[in-house]
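Asker: Sharing a structure with you now.
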Amino acid sequence: MIIGPLAFDADSEKERIASFVRRIVRGAAAKGVVLGLSGGVDSAVAGAIAVEALGKKRVTGLLMPSASTPKADVEDARKLARGWGIRSHEIPIGGIVAALEGASDFEGTKLAKANLQARARMTVLYYYSNSKNLLVLGTGDRSEVESGFFTKWGDGGVDLLPIAHLYKTQVRALGKSMGLPKRVVEKPASPQLWTGHKAEDELPAPYEKLDLVLYCLFDEDLSKSRVAKKAEVPVAVVEEALRMNKRSEHKRRMPPSLSPAQNFRLISTKD
11 MIIGPLAFDA
21 DSEKERIASF
31 VRRIVRGAAA
41 KGVVLGLSGG
51 VDSAVAGAIA
61 VEALGKKRVT
71 GLLMPSASTP
81 KADVEDARKL
91 ARGWGIRSHE
101 IPIGGIVAAL
111 EGASDFEGTK
121 LAKANLQARA
131 RMTVLYYYSN
141 SKNLLVLGTG
151 DRSEVESGFF
161 TKWGDGGVDL
171 LPIAHLYKTQ
181 VRALGKSMGL
191 PKRVVEKPAS
201 PQLWTGHKAE
211 DELPAPYEKL
221 DLVLYCLFDE
231 DLSKSRVAKK
241 AEVPVAVVEE
251 ALRMNKRSEH
261 KRRMPPSLSP
271 AQNFRLISTK
281 D
């Protein structure tokens with residue numbers, strides 16, 4: 011249970027998210043959703059709510075391991091899919107990544123190679139979704155969105171984001187209230203883009219602190235000093251959270267253009 015400003019009613023929130031998923035899928039005239047199952051808490055919560063919202067026959071999970079994916083994570087994803095009774099497929103992305111790297115006449119950096127994995131997964135998800143008239147269900151949470159801790163046009167390339175308004179600690183609390191496996195709920199967050207990759211190694215503070223920092227900054231609009239005091243962290247942590255948010259602003263917006271429209275939109279003609 012979360013105590014403090016991030017506290018929320020898990021049951022009503024779960025139903026609110028389920029209603030959102032149903033509305034978006036219905037509005038798109040899609041047959042259902044497909045999501046990447048990593049064995050982590052975000053995809054577990056998003057997947058479980060999707061099953062409740064749409065029914066197991068309208069949800070598909072894709073397991074897309076790479077060479078750096080722990081076998082335990084793959085097994086956790088398998089167990090979740092079996093437990094929900096949904097259709098699932100295992101599609102290793104190693105061959106896709108190797109083909110793209112082999113076709114290039116340059117050597118990519120470590121970060122570029124890591125992001126290539128995320129973008130390969132996005133490509134697989136959309137190949138499947140286009141073939142089956144499904145929407146790609148995103149699994150990003152607000153901690154990742156505000157910090158920019160996702161790959162542009164990788165795990166950020168989706169059709170809907172049902173839990174992007176919840177911070178990581180809130181997602182864990184929701185998963186716990188839903189009865190998801192403790193092992194999955196408490197598992198350290200990691201995109202597993204390289205062996206031993208852990209999210210908190212790249213973040214300014216553990217999620218328990220970072221989430222409160224982000225909340226104070228973007229929900230309460232407090233000054234840096236007040237955020238530091240309320241979250242009980244050094245001001246330097248707050249400043250780094252702000253820098254990460256500013257550097258990743260481009261990930262949260264449509265590409266710059268000369269169009270007068272803030273967002274691209276379909277143009278229709280009337281008879």
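Counted the way this note's numbering counts, the sequence shown spans residues 11 to 281. Glycine included, C-beta positions come from ideal geometry on N, C-alpha and C. Because the structure is a prediction, the values reported are computed rather than measured.
Under three-state DSSP, which class holds E100?
Answerer: DSSP places E100 in strand when its eight states are reduced to three.
Asker: I96: buried (16+ other C-beta within 10 angstroms of its C-beta) or exposed?
Answerer: Flag for I96 reads buried.
Asker: Helix, strand or coil for L72 per DSSP?
Answerer: Strand, per DSSP.
Asker: Counting only runs that start and end within the region 123-191, where is the alpha helix (DSSP H) found for 4 or more residues in a row?
Answerer: Counting whole runs of 4 or more residues, the region 123-191 contains the alpha helix (DSSP H) stretches 152-157 and 178-187.
Asker: Whose CA, out of I103, P270 and G189, lies closest to the CA of A77?
Answerer: Answer by Cα proximity: I103.
Asker: Considering only C-alpha positions, which residue in the set T119, E230, L145 and L227 is nearest to P172?
Answerer: That would be L145, whose Cα lies nearest to the Cα of P172.
Asker: So does the region 161-175 actually touch the region 65-72, counting three or more Cβ pairs closer than 8 Å?
Answerer: Not touching, per the Cβ criterion.
Asker: May I have the straight-line CA-CA distance separating H99 from L47, to the nearest angstrom?
Answerer: Distance between the alpha carbons of H99 and L47 is about 10 Å.
Asker: Classify A17 as helix, strand or coil using the three-state DSSP reduction.
Answerer: In this structure, A17 counts as coil in the three-state DSSP scheme.
Asker: Report the three-state DSSP secondary structure of G112 (helix, strand or coil).
Answerer: Here G112 sits in helix by DSSP.
Asker: For L222 versus A251, is the C-beta distance shorter than 8 Å?
Answerer: No, these two residues do not count as a Cβ contact at 8 Å.
Asker: Excluding the five sequence neighbours on either side, which residues of its own chain have a C-beta within less than 7 Å of the C-beta of V61, listed in chain order?
Answerer: Excluding positions up to five away in sequence, the list reads V69, W94 and I96.
Asker: Determine, using beta carbons only, whether V107 and A122 come nearer to each other than 8 Å.
Answerer: The answer is no: Cβ separation not under 8 Å.
Asker: Per DSSP, which one or two residues make a beta bridge with G46?
Answerer: For G46, which the question treats as bridged, DSSP gives the partners L72.
Asker: Helix, strand or coil for V237, going by three-state DSSP, please let me know.
Answerer: Three-state DSSP puts V237 in a helix.
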